[in-house]
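Here the structure is laid out as structure tokens; the discussion comes afterwards.
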Amino acid sequence: MSEKLDIDKSVLSENDKTAYKISEELKENKILAVNVMGSPGSGKTTFIEKISDFFNPEEIFVIQGDLESDVDKKRMEKKGIDAYQINTHGGCHLNADMIKNSLENIDLKSKNFLFIENVGNLVCPAGIRIGQHLNVVVSSTTEGSDKPKKYPVIFLNSDLVLISKYDLSDVVDFNENKYLKDIRNIKNSVKILKISKNDKKSIKECAEFINKKRRNLFNDAE
Ligand SMILES: Nc1nc2c(ncn2[C@@H]2O[C@H](COP(=O)(O)OP(=O)(O)OP(=O)(O)O)[C@@H](O)[C@H]2O)c(=O)[nH]1
Ligand SMILES: [Mg+2]
Numbered sequence: 258m259s260e261k262l263d264i265d266k267s268v269l270s271e272n273d274k275t276a277y278k279i280s281e282e283l284k285e286n287k288i289l290a291v292n293v294m295g296s297p298g299s300g301k302t303t304f305i306e307k308i309s310d311f312f313n314p315e316e317i318f319v320i321q322g323d324l325e326s327d328v329d330k331k332r333m334e335k336k337g338i339d340a341y342q343i344n345t346h347g348g349c350h351l352n353a354d355m356i357k358n359s360l361e362n363i364d365l366k367s368k369n370f371l372f373i374e375n376v377g378n379l380v381c382p383a384g385i386r387i388g389q390h391l392n393v394v395v396s397s398t399t400e401g402s403d404k405p406k407k408y409p410v411i412f413l414n415s416d417l418v419l420i421s422k423y424d425l426s427d428v429v430d431f432n433e434n435k436y437l438k439d440i441r442n443i444k445n446s447v448k449i450l451k452i453s454k455n456d457k458k459s460i461k462e463c464a465e466f467i468n469k470k471r472r473n474l475f476n477d478a479e
């Protein structure tokens with residue numbers, strides 16, 4: 258048993274070393290990397306599409322993680338955004354090596370933001386370092402208000418929780434008080450924003466938060 262634990266530890270630390278190098282390389286290029294996590298269909302790609310309207314398409318690039326297909330990459334390209342697709346073929350989360358290989362295909366100059374859409378699920382991507390500076394969980398009202406209580410680790414590791422599909426909250430009897438109370442019990446300091454894909458004001462608030470995080474990271478006031 259202890260042997261198994263040692264092996265797991267060394268695999269993890271190799272990943273962490275690569276993740277650290279990625280994070281530093283992106284920092285040198287003044288790029289903020291945002292790891293977008295959440296259940297399948299929670300609205301991760303929609304969020305990236307919508308938030309891109311508040312940035313210059315040239316300053317963003319996206320790495321898409323899915324088991325199969327390039328559906329989400331094509332959605333990005335339709336918005337004029339540089340995108341790279343990773344297919345994990347069964348793997349339930351992205352890892353640092355996958356991101357390192359993707360970055361070799363992307364010209365980092367002139368970019369300010371990297372959005373990484375992780376494989377859709379609330380378990381595996383939590384706590385895996387992929388070079389990100391910011392962890393975002395897109396958690397939709399339609400999944401039910403019990404998700405923080407059932408899947409606490411991903412919320413614990415997040416910097417920003419987006420309650421997505423907020424326009425549907427009444428239809429699905431989303432219990433917002435319970436949801437918020439459960440999140441606060443897991444991580445009191447986490448930023449929580451409510452978003453709906455057609456509510457520009459809600460998306461603008463996210464863009465402002467992410468922009469501020471970038472400014473704080475690089476300590477520049479522009
Ligand atoms: N009503 C409503 N529907 C939304 C909202 N955001 C996303 N959707 C819909 O939810 C569905 C799934 O959205 P996606 O953005 O593809 O979800 P995803 O998390 O990227 O899905 P995977 O990549 O498959 O994990 C689409 O039909 C979206 O139009 C929202 O704010 N309100
Ligand atoms: Mg998607």
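If you're matching positions, the sequence shown starts at 258 in this note's numbering and goes up one per residue. Backbone N, C-alpha and C define an ideal beta-carbon position, used for all residues, glycine too.
For residue i, three-class secondary structure by DSSP
i, result
"S397", "strand"
"I452", "coil"
"N432", "coil"
"N375", "coil"
"E465", "helix"
"I356", "helix"
"I460", "helix"
"V293", "strand"
"F412", "helix"
Short Cβ contact (8 Å threshold) for residue i with residue j
i, j, result
"I440", "I449", "yes"
"F311", "I420", "no"
"G384", "N414", "yes"
Residue i versus residue j: straight-line alpha-carbon distance, rounded
i, j, result
"F427", "N369", "Going by the sequence as given, residue 427 is Asp instead of Phe. For D427 and N369, the distance between alpha carbons rounds to 37 Å."
"A478", "P314", "Confidence at A478 is low in this model, with a pLDDT of 46, below 50, so the placement of that residue is unreliable and no value is reported for it."
"E281", "V429", "42 Å"
"V447", "I320", "24 Å"
"N442", "L324", "33 Å"
"E400", "N344", "25 Å"
"L474", "D364", "21 Å"
"E316", "K366", "9 Å"
"E433", "P405", "12 Å"
"K422", "S270", "37 Å"
"K438", "K457", "26 Å"
"V393", "S326", "23 Å"
"G322", "K454", "21 Å"
"S259", "F431", "Reliability of the predicted coordinates at S259 is poor, the pLDDT of 46 falling under 50, and the value obtained from them is presented with this limitation in mind. Their backbone Cα atoms lie some 44 Å apart in a straight line."
Paired residues, beta bridge with residue i - DSSP
i, result
"A340", "V319"
Hey, is the segment 349-366 in contact with the segment 384-401, meaning 3+ C-beta pairs nearer than 8 Å?
yes
So does the segment 271-289 actually touch the segment 330-347, counting three or more Cβ pairs closer than 8 Å?
The segment 271-289 vs the segment 330-347: no contact.
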